[in-house]
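Numbered per our numbering, the sequence shown spans residues 51 to 440. Note that beta-carbon positions come from the ideal geometry of N, C-alpha and C, so glycine has one too.
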Amino acid sequence: MAAQLSGIWLNTPAVTLAGNLLNCRRSPSATLSAVHTSTSSPTIQARHCIFSLFIFSHLLLLPVLAFIVGGKNLGWNGLESSKLGSSSDIGNEEFDWVELEADLYHWTKVLRPVQWYPGHIAKTEKELKDQLKLMDVVIEVRDARIPMSTSHPQMDSWLGNRKRIIVLNREDMISTADRNAWASYYARQGTKVVFSNGQLGMGTMKVNRLAKALAGGVNIKRKAKGLLPRPVRAGIVGYPNVGKSSLINRLLKRRMCPAAPRPGVTRELKWVRFGKDLELLDSPGIIPMRINDQSAAIKLAICDDIGERSYDVTEVAAILVQMLARLPAAGNKALCDRYKIETDGRVGKIFVQKLALQLFNGDTHQAAFRILSDFRKGKFGWVALERPPR
51 MAAQLSGIWL
61 NTPAVTLAGN
71 LLNCRRSPSA
81 TLSAVHTSTS
91 SPTIQARHCI
101 FSLFIFSHLL
111 LLPVLAFIVG
121 GKNLGWNGLE
131 SSKLGSSSDI
141 GNEEFDWVEL
151 EADLYHWTKV
161 LRPVQWYPGH
171 IAKTEKELKD
181 QLKLMDVVIE
191 VRDARIPMST
201 SHPQMDSWLG
211 NRKRIIVLNR
221 EDMISTADRN
231 AWASYYARQG
241 TKVVFSNGQL
251 GMGTMKVNRL
261 AKALAGGVNI
271 KRKAKGLLPR
281 PVRAGIVGYP
291 NVGKSSLINR
301 LLKRRMCPAA
311 PRPGVTRELK
321 WVRFGKDLEL
331 LDSPGIIPMR
341 INDQSAAIKL
351 AICDDIGERS
361 YDVTEVAAIL
371 VQMLARLPAA
381 GNKALCDRYK
391 IETDGRVGKI
401 FVQKLALQLF
411 NGDTHQAAFR
421 ILSDFRKGKF
431 GWVALERPPR
């Protein structure tokens, strides 16, 4: 019967459709083109499609593949990333950062929201806005791995037309390509940017010279008014734990401000004098009262720029695994080389569980903390989690 029916349908569009469906195993997109075969009416088209599937599955003895067109299968908890395997063979220029951000958005939707707003920040924010009115230039410190996520959404309105220098700290943790991309981005915007390593003091003297140059007109105006010159006032602001106090200590070449590798160490505004012609204001890290962008919040957690009590370490580490597997600078190879665990990087929670069983007697919290700590120490190489918007 099957042979007889196949003879009846010979030279009809159904055969063409069945042939097209054979290509589905090589190209999923062929599925969509196959089902749009031209027919004389919707009824005939439906018959063609049904019978072609019959021919395809019974005569050719090949499985029929069905593709659901719609939202991505994304998630950290048992669902897969939309990309397979490693991205290590994809260059940064070709890598789709927009798609990664879309995936990250979907991954975070199933998590408890990350929020962190210690009591001292509200008081500091009010005092800082008052002090900013006295500033000649503002030095905004950001994390070079996540410059957009460490940009306070209200900073532009607070500064107004005041001159600003953006310092991208931890430049040693990003690649030259990432650095060049951000340098070009800020150059197009006409924004002064300095790359620094607060721990080693790299870039600090450039910040000093640039601050004085930008505010050089202050004393010219004062002299024209018959006033004595005064030191240039520069305020150093930014998110918690991005390296503000370390930058000041390196500028002064002595420990004047408390600094530690955790958010929330500096808790009050403090003026310090640098030579005869520069005064610096060290400020506690400021962060929005409510973080609406949860993708940014997760990146803050990954980079240790937000309090640890605000997030679940295991959840954040699982998302980091999925991001590393996708990023060209790392890929699955970086995870495998570091922990000797084979992975496709698509389900981060499973990787955390494997590492817990291998090294920590099943303690997933310790395993997650190890992954985050290794990333923060640069054990996976130069890995930026953001690229400039196009």
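Residue i: buried (16+ other C-beta within 10 angstroms of its C-beta) or exposed?
i: THR364; result: buried
i: MET255; result: exposed
i: TRP157; result: buried
i: SER345; result: buried
i: LYS427; result: exposed
i: GLN372; result: buried
i: SER207; result: exposed
i: GLY240; result: exposed
i: ALA237; result: exposed
i: ARG323; result: exposed
i: ILE270; result: exposed
i: VAL160; result: exposed
i: ASN258; result: buried
i: LEU277; result: exposed
i: GLU8; result: Past the edges of the chain, shown from 51 to 440, lies residue 8, and the structure says nothing about it.
i: SER423; result: exposed
i: GLU177; result: exposed
i: GLU175; result: buried
Tell me whether residue i sits in a helix, a strand or coil according to DSSP, three-state version.
i: TRP232; result: helix
i: GLU190; result: strand
i: TRP166; result: coil
i: ASP394; result: coil
i: ASN299; result: helix
i: ALA223; result: Note that residue 223 corresponds to Met in the displayed sequence, not to Ala. Here MET223 sits in helix by DSSP.
i: LEU321; result: Strictly speaking, residue 321 in this sequence is Trp, with Leu absent from that position. If DSSP states are grouped into helix, strand and coil, TRP321 belongs with the strands.
i: ASP332; result: strand
i: SER102; result: Since pLDDT at SER102 reaches only 49, below the 50 mark, its modelled position is unreliable, and no value is offered.
i: ALA152; result: helix
i: MET252; result: strand
i: ASN247; result: strand
i: ASP371; result: Here residue 371 turns out to be Val, not Asp, going by the sequence shown. Helix at VAL371.
i: ALA284; result: strand
i: LYS294; result: helix
i: VAL363; result: helix
i: ARG376; result: helix
i: ARG212; result: coil
i: LEU218; result: strand
i: LYS242; result: strand
i: LEU161; result: coil
i: ARG437; result: coil
i: LYS383; result: helix
i: ARG388; result: helix
i: TRP147; result: helix
i: ASN269; result: helix
Just to confirm, is the Cβ distance from residue i to residue j under 7 Å?
i: ALA284; j: ALA261; result: yes
i: LEU297; j: GLY335; result: no
i: LEU328; j: PRO281; result: yes
i: ILE356; j: TRP147; result: no
i: TYR361; j: VAL164; result: yes
i: LEU405; j: ALA417; result: yes
i: LEU218; j: ALA194; result: yes
i: ASP354; j: ASN411; result: no
Please identify the residue among the options whose C-alpha is closest to the C-alpha of residue i.
i: ARG437; options: ILE196, VAL188, VAL191, PRO168; result: ILE196
i: ILE352; options: LYS303, ILE391, PHE419, ASP387; result: PHE419
i: LEU319; options: LYS179, TYR167, PRO168; result: LYS179
i: VAL397; options: TRP147, LEU154, GLU149; result: LEU154
i: SER192; options: VAL366, PHE245, GLY210; result: According to the sequence provided, residue 192 is Arg. The question's Ser does not apply to it. The shortest Cα separation from ARG192 among VAL366, PHE245, GLY210 belongs to PHE245.
i: ALA375; options: ARG388, GLY395, LEU150; result: GLY395
i: PHE145; options: ASP228, PHE425, ARG214; result: ASP228
i: ILE337; options: ARG212, LYS159, PRO203, ALA417; result: PRO203
i: LYS349; options: GLU175, MET198, LYS176, GLU149; result: MET198
i: LEU331; options: LYS183, ALA172, ALA152; result: LYS183
i: ILE421; options: GLU392, LEU370, TRP432, LEU407; result: LEU370
i: THR414; options: GLY293, ALA367, ASN219; result: ALA367
i: ASN299; options: LYS399, ILE215, GLY251; result: GLY251
i: SER225; options: TRP432, LYS294, GLU151; result: TRP432
i: ALA172; options: GLU221, VAL268, GLU392, SER333; result: SER333
i: ILE216; options: MET205, SER201, VAL243; result: VAL243
i: THR430; options: GLY293, ALA384, GLU175, LEU409; result: Checking the displayed sequence, the identity of residue 430 turns out to be Phe instead of Thr. It is ALA384 whose Cα lies nearest to the Cα of PHE430.
i: LYS294; options: THR200, ASN211, TYR389; result: THR200
i: ARG162; options: ARG359, ARG212, CYS386; result: ARG359
i: ARG212; options: GLY253, GLU175, VAL268, ASP222; result: VAL268
i: GLY325; options: LEU301, ARG340, ALA265, ARG272; result: LEU301
i: PHE425; options: MET223, ILE400, VAL402, LYS275; result: MET223
With respect to 6 Å, is the separation between the Cβ of residue i and the closest non-hydrogen atom of the ligand GDP below this value?
i: ILE298; result: You won't find the ligand GDP in this model; it holds no ligand whatsoever.
Can you confirm whether residue i, when its beta carbon is compared against all beta carbons of chain D, has any partner nearer than 7 Å?
i: GLY240; result: No chain D appears in this structure, which consists of one protein chain only.
Touch check for the segment 370-386 and the segment 229-246: three-plus C-beta pairs under 8 Å? no
For the segment 180-194 and the segment 267-287, state whether three or more C-beta atom pairs, one from each stretch, are separated by less than 8 Å. yes
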